[in-house]
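Since the structure comes first, as structure tokens, the remarks are kept for the end.
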Amino acid sequence: MPRRLLILGSTGSIGTQALDVVARSEDLELVGLSAQSSWEPLIEQANAFGVDRIALADPHAAARAAEAWTDGEVLDGAEGLVRLVVESEADLVLNALVGSAGLGPTVAALGEGIDLALANKESLVVGGELVNQLAEATGAQIIPVDSEHSALHQLLAGEDPAAVDKLVLTASGGPFRGRTAAELRDVTVEQALAHPTWAMGGKITIDSATLMNKGLELIEAHHLFGTPYERLDVVVHPQSIVHSMIQLCDGSTLAHLGYPDMRVPISYGLHYPERAEVPLRALDLASVGSLTFEAVDTDTFACLRLAREVGIAGGTAPCVLNAANEVAVHAFLGGRLRFLEIAEVIEHALNTVETGMIHAFETLYRADRAARDAAHELIEERATA
């Protein structure tokens, strides 16, 4: 029987590539799709794949979709997303939503005991402790879809955890690798969106430029694999061929290599524990020529330093970091903040908002709101100064 699959965030970069994987697979059956507000592409996808139930987080977009599409049901808002998850009878949910909005559907899927292919790293950054507890309670699996974590998932398979000394995430370095803070003072949005190796959505591309994306991935790796932060490392690898490495107790290092194409980790996450063919050329190291590695400059790219610090602090601190980052990136994309000010807004929120232990999901929602308020306040102050 085909695996019944629900895709959340199907009109985004991960979602559209996931649909390419689904179109080539006889082992996957789509039972639902969702998007934030892109209702016309969502309806086109639903028609193409024979899906009769969709959800839009934006109620206004959902209303327009319901008027235009009479071939199925349109759910709306955050509650609609949760209904789509719990009522879909899916075997697997791919959460490709952007930002902390993905936490609610993650909780819904795991609460129903549904396996989760996770591309929404914020679910674990914000609520990792509670999310893991929920997965353990229901027996649902979390299969990472981020390229680095998918690589680690594969490298760690069959290894005795006691034999693993360190996990190493690779970072391309983004479009500003090697630049000083002075050189980054006046970079434009267009320059920040020009990623050298990966094609991604706007928010994650800016996160890659600031190296916040790698900081969030450090926190995600901590929760996914139970690895303490002193055994998690990041190295810059401009070619994006080596996706992650693990260092073992006997001095050996295992690496996962491949051309940068998100369909590989997506296919792995959707078919796990099986593998399915992906129409990509095999890696030709002779044509690649050389693989290079560099240390990370955390003085210039302060977001990575901040992420490691809040990861170690734990509690609601990662939630505050993530919320402030989302606000700051949105402001930068809108021309209301300079590139280097993204880290300054995040640090302001961390210094302003009281953090503490996580007692329930409501604790996270309160911290999220407070962090957004603090970030907005500083951005407005600078805009009017």
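For the sequence shown, position 315 (counting from the first letter as 1) is numbered 315 according to the UniProt record's numbering, and the numbering increases by one without interruption.
We put the CB at the ideal spot given by N, CA and C, even for glycine.
CA nearest to the CA of residue i, picked from the options
i	options	result
Gly315	Asp299, Gln239, Leu193 and Leu124	Leu124
Arg308	Thr70, Tyr229, Phe49 and Asn95	Tyr229
Leu134	Leu81, Lys121, Gln154 and Val107	Val107
Asp233	Asp207, Met262 and Leu152	Leu152
Ala55	Leu81, Met200, Glu40 and Phe49	Leu81
Gly158	Met1, Ile246, Val235 and Glu217	Ile246
Gly173	Gly113, Ala119 and His237	His237
Leu110	Glu136, Pro41, Val126 and Glu87	Glu136
Ser147	Ala295, Thr210, Met200 and Asn325	Met200
Ala101	Gly9, Ala90 and Pro265	Gly9
Leu257	Asp250, Ala276, Arg338 and Leu285	Leu285
Phe361	Cys319, Arg338 and Ile346	Cys319
Glu40	Asp52, Leu19, Thr11 and Val296	Thr11
Asp261	Arg4, Pro2, Ser13 and Met1	Ser13
Val278	Pro161, Ala18 and Arg3	Ala18
Gly335	Ala192, Met357, Asp115 and Arg372	Ala192
Ala313	Asp299, Gly356, Glu344 and Val288	Gly356
Arg64	Leu42, Val51 and Leu184	Leu42
Ala46	Gly32, Pro59, Ser38 and Arg338	Gly32
Ala140	Ala90, Gly215 and Ser150	Ala90
Val235	Glu344, Leu254, Lys214 and Thr227	Lys214
Val296	Arg382, Leu211 and Asp115	Leu211
Tyr259	Thr300, Ile241 and Ala367	Ile241
Leu254	Ala282, Leu280, Leu218 and Leu155	Leu155
Ala209	Leu321, Cys303 and Thr363	Cys303
Ala119	Ala66, Leu216 and Trp69	Leu216
Through-space distance from residue j to residue i, alpha-carbon basis
i	j	result
Val189	Ala163	44 Å
Ser290	Tyr365	46 Å
Ala370	Val353	6 Å
Asp27	Ala349	46 Å
Ile143	Ala117	5 Å
Val131	Val168	23 Å
Leu92	Ser25	15 Å
Pro2	Pro273	14 Å
Thr138	Ala221	21 Å
Asn325	Ile342	7 Å
Gly113	Arg83	15 Å
Thr227	Leu248	14 Å
Thr363	Val126	11 Å
His376	Phe293	37 Å
His219	Asp115	Just to set this straight, residue 219 is Ile in the shown sequence, not His. Rounded to whole angstroms, Ile219 to Asp115 spans 21 Å at the Cα level.
Ser252	Phe225	20 Å
Rounded Cβ spacing between residue i and residue j (contact assumed at less than 8 Å)
i	j	result
Phe332	Ile206	6 Å
Glu122	Leu103	7 Å
Val51	Gly72	7 Å
Gln239	Val288	7 Å
Ala323	Arg372	5 Å
Thr300	Ala181	5 Å
Residues that DSSP places opposite residue i in a beta bridge
i	result
Ser244	Leu169 and His256
Gly113	Note: Gly113 sits in no beta bridge, so no partner.
Arg53	Glu73
Asp233	Val168
Glu294	Val236
Arg4	Glu29
Ser34	Leu8 and Ala55
Beta-carbon gap between residue i and residue j smaller than 8 Å
i	j	result
Ser244	Val21	no
Gly128	His223	yes
Ala61	Ile7	no
Pro265	Val145	yes
Ala317	Val310	yes
Asp165	Arg231	yes
Leu5	Glu44	no
Gln36	Ala57	yes
Gly269	Ser150	yes
Ile358	Leu306	no
Arg177	Leu340	no
Pro59	Gly77	yes
C-beta neighbour in chain D for residue i, strict 8 Å
i	result
Ser267	As a matter of chain content, chain D is missing from the structure shown, which is built from one protein chain.
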